[in-house]
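Residue numbers (this note's numbering): 3 to 430.
Before any comments, here is the structure.
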Ligand code: SF4
């Protein structure tokens, strides 16, 4: 580890929402219009409200001055509030990554985790960042690159990220932009029921589903912190945080629709990762392209035997059934399906595994790519990190088989922000 990360912000909990409060944030345009009509107002007031919540990102009812004051007061008396999730704590990595405990307002002020990765994680399309990329690789960490960075527990940052390290002393993060593009990793559930053996989130079990507002609200809270300008800044969303999005399907897609239709983000800058929930993938395949994010499958093993051991969900939906479901997704031009592959030392990282993986993903007959992730250690998990030589050999085999392959840089390991490490850890 390189230096102790700082817990930079712990906001006053005095502003916690009262339990009886009803959040407006999370309601779609139709629901907001209906709310206004119920209040005896014209339906177009719902559009004003949507503008205020999702485009102007106004956090308090009082500040929505497009609505007449008596209406705002009436809504407040009835128990309505904006009710957007807020960043309660910030942990900052030496590599510039930030992990947030985001507090959901309303019923129980539980926290979930959201991660900000300035400059992405090198995962190319796995982080949704290849929208404008040419078909041929140009990322130096890609297929055929002469060398790969050494992977070790000590190497969590690089010179550049350390030079760019900025200390924030408030939750807004107003320090001017120090990034050209960024990726936000969003949670969909508190905890997770899928129980992948290599994942720290699994240790929490499933505590509850997040609402659409709580999922979309993580994004808006982070946008506010970093002053993201929608339509100008290159920010990708990956639904790869805590939870299995396709086991919270309606709320997950509700959040995506809010982010696309009301906030104005492109679904092509969003990627959802699933452990292979076949009915969820089949439903996802029916979504219109205008609101459908890109798909990533968390494959992680070369065959059913190993996958069944490290991901028990595979016993219910084996690899072939997942592949059949994936083939039902109508890909957009230049879109590819991503296969995420966590390399576990001695378990999934052998060259013969890479050969099997190449065959597997090729058999889909779809445009695909593979994102390799060297496993991130976590307390109480009995796997080991892969050796750098094994990672290089694995990538070399896939490259030799002609599979577009990317290595995702480990981001924020020192603050438990990296893949599979999200467990609402409060110690730095
Ligand atoms: S890897 Fe994803 S699906 Fe598996 S237990 Fe962790 S959060 Fe759940």
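The C-beta atom is built at its ideal place from N, Cα and C for all residues, glycine as well.
This one's a predicted model, so the numbers in the text were calculated from it and none came from an experiment.
Give me the Cα-Cα distance between residue 82 and residue 214, rounded to the nearest whole angstrom.
What you label residue 82 is simply residue 80 of the chain shown in a count that begins at 1. What you label residue 214 is simply residue 212 of the chain shown in a count that begins at 1. Each residue's alpha carbon lies about 17 Å from the other.
Span of the beta strand (DSSP E), counted from its first residue to its last, around residue 381
Position 379 of the chain shown holds residue 381. Looking at the DSSP string, residue 381 is not in any beta strand (DSSP E), and its letter there is neither H nor E.
Apart from the five residues on each side of it in sequence, which residues of its chain come closer than 6 Å, Cβ to Cβ, to residue 195?
On the chain shown, position 193 is the one that residue 195 refers to. Cβ neighbours of residue 195 beyond the five flanking positions: 208.
In the DSSP assignment, what are the bridge partners of residue 222?
Position 220 of the chain shown, counted from the first residue, corresponds to residue 222. Paired residue(s): none; residue 222 is not in a bridge.
From 343, 98, 86, 261, pick the residue whose C-alpha is nearest to that of residue 106; which is it?
Along the chain shown, one-based indexing puts residue 106 at 104. Nearest C-alpha to residue 106: 86.
Given residue 247, which residues of its chain have a CB within under 6 Å of its CB, disregarding the five upstream and five downstream residues?
Taking the chain shown and counting its residues from 1, one reaches residue 247 at position 245. Closer than 6 Å at the Cβ level, and outside the excluded window around residue 247, lie 190, 241, 254, 274.
Are the Cβ atoms of residue 408 and residue 347 separated by less than 8 Å?
As a first step, residue 408 must be located in the chain shown, where it is residue number 406. As a first step, residue 347 must be located in the chain shown, where it is residue number 345. Not closer than 8 Å, so no.
Distance, Cα to Cα, residue 30 vs residue 102?
Residue 30 sits at position 28 when you count from the first residue of the chain shown. Residue 102 sits at position 100 when you count from the first residue of the chain shown. So the two alpha carbons sit approximately 25 Å from each other.
Does the beta-carbon of residue 194, which I'm using as the reference point, lie nearer than 7 Å to any heavy atom of the ligand SF4?
The residue labelled residue 194 in the question sits at position 192 within the chain shown. True, at least one ligand heavy atom lies under 7 Å from that Cβ.
Report back the beta-carbon spacing between residue 312 and residue 345 to the nearest angstrom; my notes put them in contact at under 8 Å.
Counting from one through the chain shown, the residue named residue 312 turns up at place 310. Counting from one through the chain shown, the residue named residue 345 turns up at place 343. 12 Å between Cβ atoms; not a contact.
Quick check on residue 435: buried or exposed, where buried means 16 or more other Cβ atoms within 10 Å of its Cβ?
For the chain, the structure presents residues 3 to 430; residue 435 sits outside this window and is missing.
In whole angstroms, what is the alpha-carbon distance linking residue 377 and residue 199?
The residue given as residue 377 occupies position 375 in the chain shown. The residue given as residue 199 occupies position 197 in the chain shown. Those two C-alpha atoms are separated by around 12 Å.
Taking the CB atoms as reference points, tell me whether residue 449 and residue 321 lie closer together than 8 Å.
Because residue 449 is not part of the residues shown, which for the chain are 3 to 430, the question remains open.
Short Cβ contact (8 Å threshold) for residue 294 with residue 335:
Position 292 of the chain shown, counting from 1, holds the residue named residue 294. Position 333 of the chain shown, counting from 1, holds the residue named residue 335. Residue 335 sits away from residue 294, with the two beta carbons spaced by 8 Å or more.
Report whether the distance from the Cβ of residue 403 to the nearest heavy atom of the ligand SF4 is below 7 Å.
Looking up residue 403 in the chain shown gives position 401. Because no heavy atom of the ligand SF4 lies under 7 Å away, the Cβ of residue 403 does not count as near it: no.
Which residue's Cα is closest to the Cα of residue 287: 307, 251, 308?
Along the chain shown, read from residue 1 onward, the residue named residue 287 stands at position 285. Measuring from the Cα of residue 287, the nearest candidate turns out to be 251.
Under 8 Å between the Cβ atoms of residue 307 and residue 366?
Indexing the chain shown from 1 puts residue 307 at position 305. Indexing the chain shown from 1 puts residue 366 at position 364. Not in contact: residue 307 and residue 366 (Cβ atoms no closer than 8 Å).
So does residue 198 have its beta carbon nearer than 7 Å to some heavy atom of the ligand SF4?
For the purposes of this step, residue 198 is identified with residue 196 of the chain shown, where counting begins at 1. Indeed, a heavy atom of the ligand SF4 lies less than 7 Å from the Cβ.
Apart from the five residues just before and just after residue 16, which ones in its own chain have a Cβ nearer than 8 Å to its Cβ?
Within the chain shown, the letter at position 14 stands for residue 16. In this predicted model, residue 16 has a pLDDT of only 31, less than 50, meaning its place in the structure is not dependable; the value taken from the coordinates is given anyway. Closer than 8 Å at the Cβ level, and outside the excluded window around residue 16, lies no residue.
Could you tell me which uninterrupted alpha helix (DSSP H) segments, each at least 4 residues in length, are contained entirely in the region 280-326, listed from first to last along the chain?
280-287, 306-312, 315-318
When burial is assigned at 16 or more other CB atoms within 10 Å of the CB, is residue 68 buried or exposed?
Taking the first residue of the chain shown as position 1, residue 68 is located at position 66. Exposed is the call here.
Among residues of its own chain, excluding the 5 on either side of residue 276, which ones have a beta-carbon nearer than 7 Å to its beta-carbon?
Residue mapping note: residue 276 aligns to position 274 of the chain shown, counting from 1. If we look at residue 276 and ignore the five residues flanking it on each side, its Cβ neighbours are 246, 247, 248, 282, 283, 299, 300.
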